[in-house]
Amino acid sequence: MKLMKPLAEILRPTNLKDFIGQEHLVGTNGIVTRLLNNKSNNFFPSLILWGPSGVGKTTLARIIANELKRPFFEFSAVNTKTKDIENIISGNPIVFLDEIHRFNKAQQDKLLPHVEKGDIILIGATTENPSFEVISPLLSRCRVLILNQLTEKELIKVTNKALKHLKKKIGKEALEFLIESSNGDARILINTLEIANNLTPKNTFVTVDIEQALQRRFLSFDKNGDNFYDTISAFIKSMRSSDVDSALYYLARMVAAGQDPLYIARRMVVFASEDVASPTALVVANAVFRACETVGYPECQENLAAGVVYLSTSKKDRSAYEGYMKALGDVKRFGNLPIPLNIRNPVTKLMKDVGYGKDYEMYTKSSLLPEKLKSKKYFKTNN
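Oh and the sequence shown: position 43 is 1284 in the numbering used here, straight run, nothing missing.
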């Protein structure tokens, strides 16, 4: 029995004209369009395509190869060895390496000479920040192109294209739910419509059809990826700005995606000392951590929410944190400066004779810093 091609593969565009999204790259003045139109010297650089899933990285690589009329080889770093790539290097091919961030440093090092000599045009695709995941020498020889999540308008175009092929329609509410649940990912959208098409004989999809096809709303939250760091950053900054609603929203995103509650609670403990004026905040944050440790999901999400509200609405003061960081900066800059003799401990007679503890006053108002730092003021209270 011959299997049918997936709908996403059937709808995949083969030229820039039909490509949806990434106008900044493939529009009239986009870098990809301009490079492909400039055929005078047959030049095309190696690329790193960086962006979330389902936004056209693989499709764009295939279109580039088709436009350049060069041999095209497609690999996934998950199950590829560098030897597999070296075996096909002839005729200046385009090598597409999906999930290039999964290649370790040694594997990426082996690609370097082939890219440097122009034996291949490498097009790597990654959902991770290439600054951290691609070695510097390889990164410096590639042009990084950033692909964005598809907008609502672009997802509607994808929907219309899929519906035309399926000969189906979709209700307004169902369309809104589909767009929202796709989270900017065309592949999720198309796969959902394909499943819905096989679940119902109706000519028009309604919300329940999309819900059944999805089973659950998709949450993009790679616990080791950029989205993770962006979300936790937004969470902390919302609490720092006393924006309770935003802080609760970002907390809910992390909880819904299954983020470890102890990680969230740990960040709250740190925040309590860095950003909140009252020492009670640290007590509250530690209590939240202990509750998460003891209770676990799902109940501990309530403990997290209560802690977030308290920290968000508390008076903010970073003077202790900022003062310490200034002092740490001087320690790193000047090293172990001599401690003033009058506050050294005169353990022996000799130490006392040379001045250890001399003229020490228990409640002095004078600075007890090393001589070089006497005028320094690290802590500035906001009161």
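Every residue, glycine too, gets a C-beta built ideally from N, C-alpha and C. Quick caveat: nothing in here was measured; it's all calculated off a predicted structure.
Put simply, the region 1245–1265 does not touch the region 1347–1359. Fewer than three CB pairs are less than 8 angstroms apart.
Around the beta carbon of residue 1591, fewer than 16 other beta carbons sit within 10 angstroms, so the residue counts as exposed.
Nearest Cα to residue 1365 within the set 1313, 1607, 1578, 1542: 1313.
In the three-state reduction of the DSSP assignment, residue 1324 falls in the helix class. When the alpha-carbon of residue 1493 is set against those of 1473, 1522, 1511, 1483, the nearest one is in 1473. Contact holds between the region 1543–1551 and the region 1479–1489, because three or more Cβ pairs, one in each stretch, are under 8 angstroms apart.
The closest CA to that of residue 1311, considering only 1402, 1361, 1400, is found on 1361. Residue 1363 is a Cβ neighbour of residue 1336, given a cutoff of 8 angstroms. In the structure shown, residue 1576 falls within a coil segment according to DSSP collapsed to helix, strand and coil. Burial is judged here by how many other beta carbons sit within 10 angstroms of a residue's own beta carbon; residue 1562 has fewer than 16 and is exposed. Taking the C-beta atoms as reference points, residue 1252 is found no nearer than 8 angstroms to residue 1429. Here residue 1611 really is in contact with residue 1578; their C-beta atoms are around 4 angstroms apart, less than 8 angstroms.
Our two residues, residue 1414 and residue 1448, have alpha carbons roughly 6 angstroms apart in a direct line. For residue 1403, there is no enclosing beta strand (DSSP E); the enclosing alpha helix (DSSP H) has its first and last residue at 1393–1407.
For residue 1488, no beta strand (DSSP E) run applies; the uninterrupted alpha helix (DSSP H) run containing it begins and ends at 1485–1497, by DSSP. In this structure, the beta-carbon distance from residue 1440 to residue 1453 falls below 8 angstroms. Residue 1346 carries a helical assignment under DSSP once its states are collapsed to helix, strand and coil.
With contacts defined as CB atoms closer than 8 angstroms, residue 1536 and residue 1527 fail to qualify as a contacting pair. Within the DSSP secondary-structure output, residue 1315 pairs in a beta bridge with 1337. With a 10 Å radius around the Cβ and a threshold of 16 neighbouring Cβ atoms, residue 1373 comes out exposed.
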